[in-house]
Structures are given as C-alpha cells and as structure tokens.
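The structure appears right after this line, and notes come after that.
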Amino acid sequence: MRATLYTGNKTFSIVERQMEKPRADEVRIKVAYTGVCGTDVHIYHGMMDKRVPIPMTIGHEMSGTVDAIGEEVSGYTVGDKVVVRPLDDRGAQPSDKGFNHICENLKFIGIDSPGSMQQYWNVPAFTLHKLKGETDLKLAALIEPLSVAVHDVRLSGLKSGETAVVIGGGPIGLLVAMVAKHAGARVIVSEVNEKRILKAKELGLNAINPTKVDFVEYVKEKTEGRRADVVFEVAGVQPALDMMTEVAGIRGRILMVAIHGQKREVDLFKFFWKELKLIGARVYEREDYERAITLITANELPFANMITDVQPLSNIQKVFENIDQNPDGMKILMDCQL
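The following block contains the structure:
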C-alpha cells in the first residue's frame, strides 16, 4: 500500500508499505478522502516539529470504508462507511472531570500518532463513527471540521433570531457561519480576503470587508444598535480581538475559536461595561460529531461548495506547495486511493 511521510523541512515522501492486520481492538480503514487542515499546513511549515514524531503520516479529516476488523471489535462489518473522531483519550484521569475531548493527556491522532494520508489506516475502534450507506464520502471528509463548527455554535448557546458575527472567513469560519445560519441566526461574516468574501456569498452568507467598511457601524445598522448577540473569533489576529469586544452587544457571548499561540491584548473594560462572556472552545465531543454527520447526510447546506479541489495522494508535495502559493482556497481533499 501507498503511504505519505512528512519528513521535515517542508518535505513529504511517498513510501510503499505492507498492510498490517488490525489489532484486536482496531479496525483497518480503506481511506477514501483526507482533507488538508490548517494544522497540517502548520506541520508542513515546521511549526510543530517539536510535537510531531518525524517521519510521520499526518492527516485527520477523513472518510473511508471498513476493510478489516479486529477480533474484539463488534458493531461493524467490512464495507461500512465510516469517519474517525481523531481523539485518543485513553490517558484520561478523574481530574479531567469527564471532559475527555480536552483531557490533560489527550493525544490527537494524525498529529501525535499516524494519520490518514495513506491508502489503509489502522485505528482504535472507539474512534469510529458509522455513516449511512448513501453518504457521499467526499462530503464526509468535511465531518471533522464541521464538528468543530457544531461544537462552537452549541457552546455559544446561540438561539434562533439572534445575530451572530463571525470574524474570519476561512474554512472553519465559514462552517461556523453556515451552522449558525442553519440554527436560525442572522449571520454577518468579517473577512479581508476578497476571494473568500466571494466564496462566503456563494454559500449564501453576508460577508463584509472591515478594511473597506466600518464594520462595527455596519453591524449596529443591521441590528438597530443592539450589535451582536454572539461573536465567533476565528481569525486569530490582534485586530480580531480588538473588534470582538466592540461588535458584541450587551451581555454578548464571545466564542474563542482561533488558537492564539502568544499572549494578546484584550479590552477587559468592555467585559465589565457590557457584562460580556468569553467562552473557550476546543475540538468537539461525540454529540457534535453525530450532529455533523446528520447535517452532511441531509445535504441541505451547500457543503460541496466548500471543496475547491481534489488531488491524488501521490501529489501531496505539490498540494502543500500550491497552498502556500494560493492561500485563497477553502478545502482541498486528497484522494487516498490514487
């Protein structure tokens, strides 16, 4: 079988391996598609070399079918369509309070251990979620990032009729916006990249460039001065943090979706003045995955428009090089059987 290896220094190699029999508690998956995640791009840039055991097969946004089953595994048959929730929580402790998706010793499969950018992949059976037979496996590769969006919207307590502002129109930001709109919210996206603004509009979203329009005033005009009930900060830059406290209305909730690798300035006075809430959000829980699967299966939202390219796994080096040269794309899928 064919597998890819990140070998450091912005380099991937293609290797041939023997397929391994799954262990007693594992399932072997014939991987159909793997999405390229922003984290994968960070790995490619060497930003996670201290964490990722090099050389390593990365990838975690995937879909596939069951190819072989360990002797202790039940509930699956060969040919079942599945996705993997790539969280290995076997190191959970009582101090984690049952929140195993953020437990202290959590291992993220595809980062801390081998991932899905290979033709066949052995994974612990407890990470699997079964799909319906009619599920489109290309769309199913979006379930992992969609689960992030579902988790964020759920934690925000967003209600139908509320106004949600999404700061950042990348893949996660637009998925958050789609889920929020589906929940009945009035959604406004802030994004500076004009190509991503066009993509947002293709998805039926209201997207505004804050460098061309006074964004806070725009939101005030659209809400009779009330501003946003919920703000999702998905951009991960200082101007977004400056904006989030301005655009949030009285008792607004701010969801911190972006990962900030350094300390930032935040206007805490606004939290006092407007009784704001700041809520952290990290990955997803089982119920978020199941909700994402339901949304993908129903296919009522324009998820297919999120996929901007499908490339054979053998082109992995060129794919990552092209992402550097063309950062405007949304979601690139790797066909793991080519």
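In our numbering, the protein residues as written are 1304 to 1641. Even for Gly, the Cβ is constructed at its ideal location relative to N, Cα and C.
Going by the CB atoms, is the gap between residue j and residue i shorter than 8 Å?
i	j	result
Ala-1428	Val-1586	no
Met-1420	Thr-1307	yes
His-1485	Glu-1588	no
Leu-1458	Leu-1477	no
Ala-1452	Gly-1338	no
Pro-1389	Gly-1413	yes
Glu-1536	Ile-1599	no
Ser-1450	Asp-1591	yes
Ile-1446	Ile-1596	yes
Asp-1532	Gly-1555	yes
Val-1386	Asp-1328	no
Ala-1538	Leu-1558	no
Gln-1628	Val-1622	no
Can you give me the Cβ contacts of residue i inside the same chain, cut-off strictly under 6 Å, excluding the 5 residues immediately before and after it?
i	result
Ala-1371	Pro-1325, Arg-1331
Thr-1526	Thr-1466
Thr-1548	Asp-1570, Lys-1573
Ala-1480	Val-1469, Val-1490, Val-1492, Leu-1508
Ala-1335	Ser-1366, Gly-1367, Leu-1440
Cys-1406	Asp-1392, Ala-1395, Asp-1399
Asn-1403	Asp-1392, Ala-1395
Pro-1630	none
Thr-1514	Val-1495
Val-1519	Glu-1549, Val-1550
Gln-1620	Phe-1315
Thr-1438	Lys-1384, Thr-1600
Asp-1517	none
Going along the chain, which residues of its own chain have a beta-carbon closer than 7 Å to the beta-carbon of residue i, five neighbours each way excluded?
i	result
Ile-1500	Gly-1472, Glu-1494, Ala-1510, Asn-1512
Thr-1611	Gly-1632, Met-1633, Lys-1634, Ile-1635
Lys-1523	Arg-1530
Tyr-1654	Past the edges of the chain, shown from 1304 to 1641, lies residue 1654, and the structure says nothing about it.
Can you tell which of the options has the C-alpha that lies nearest to the C-alpha of residue i?
i	options	result
Asp-1638	Leu-1440, Met-1547, Met-1559	Leu-1440
Asp-1570	Gly-1583, Ala-1551, Ala-1561	Ala-1551
Glu-1624	Met-1304, His-1563, Phe-1315, Arg-1305	Phe-1315
Thr-1430	Lys-1353, Gly-1528, Gly-1378, Ala-1607	Gly-1378
Asn-1275	Asp-1545, Val-1355, Gly-1394	The question about residue 1275 has no answer here: the residues shown for the chain are numbered 1304 through 1641.
Lys-1498	Lys-1577, Gly-1632, Val-1482, Gln-1422	Gly-1632
Gln-1422	Glu-1323, Leu-1461, Gly-1460, Val-1376	Glu-1323
Arg-1594	Tyr-1309, Val-1456, Gly-1373, Pro-1358	Val-1456
Trp-1576	Gly-1583, Leu-1558, Ile-1562, Ile-1553	Ile-1553
Gly-1487	Lys-1502, Gly-1528, Leu-1461	Leu-1461
Leu-1579	Gln-1614, Glu-1437, Val-1534	Val-1534
Val-1482	Lys-1621, Asn-1602, Gln-1628	Asn-1602
Asn-1608	Asp-1517, Pro-1356, Lys-1502, Trp-1424	Lys-1502
Ile-1562	Leu-1581, Val-1540, Met-1546	Val-1540
Thr-1360	Asn-1425, Thr-1380, Val-1381	Asn-1425
Thr-1380	Lys-1333, Pro-1356, Ile-1357	Lys-1333
Leaving out the 5 sequence neighbours to the left and right, which residues in its chain are closer than 8 Å to residue i when beta-carbon positions are compared?
i	result
His-1348	Lys-1313
Ser-1617	Arg-1305, Ile-1317, Leu-1641
Lys-1504	Ala-1510
Tyr-1309	Phe-1315, Ile-1346, Tyr-1347, Val-1355, Ile-1357, Pro-1358, Met-1359, Thr-1360, Ile-1361
Pro-1448	Gly-1338, Cys-1340, Glu-1364, Pro-1474, Ile-1475, Leu-1478, Lys-1634
My assumption, with CB atoms under 8 Å, is that residue i sits in contact with residue j. Please give the rounded CB distance.
i	j	result
Val-1560	Ile-1475	7 Å
Asp-1383	Lys-1410	With a Cβ gap of about 25 Å, Asp-1383 and Lys-1410 do not count as contacting.
Leu-1442	Phe-1606	5 Å
Asp-1352	Gly-1418	Between Gly-1418 and Asp-1352 the Cβ distance is about 16 Å, and since that is not below 8 Å, they are no contact.
Arg-1354	Asp-1415	7 Å
Glu-1568	Leu-1544	7 Å
Glu-1364	Cys-1340	5 Å
Ile-1582	Val-1344	Going by Cβ atoms, the distance from Ile-1582 to Val-1344 rounds to 26 Å, so no, they are not a contact pair.
Should residue i be flagged as near chain C, meaning a C-beta pair shorter than 8 Å?
i	result
Thr-1526	Absent from the structure: chain C. Only one protein chain is present.
| said: As an exercise, report each continuous beta strand (DSSP E) stretch of at least 3 residues that is fully enclosed by the segment 1474-1527, in chain order. | reply: Under the rule that a run must span 3 or more residues, the beta strand (DSSP E) segments found entirely inside the segment 1474-1527 read 1489-1493, 1509-1511.
| query | Could you give the uninterrupted runs of the beta strand (DSSP E) lying entirely in the segment 1387-1463, keeping only those of 3 residues or more? | reply | Runs of the beta strand (DSSP E) inside the segment 1387-1463: 1423-1427, 1431-1433.
| Hey, which unbroken runs of the beta strand (DSSP E) at 3 residues or more fall wholly within the segment 1534-1613? | Scanning the segment 1534-1613 for uninterrupted beta strand (DSSP E) segments of 3 residues or longer gives 1551-1559, 1580-1583, listed from N- to C-terminal end.
| request: Could I get the ranges of all uninterrupted alpha helix (DSSP H) runs contained in the segment 1312-1386, with 4 residues as the minimum, in chain order? | output: Segments of the alpha helix (DSSP H) lying fully in the segment 1312-1386: 1341-1347.
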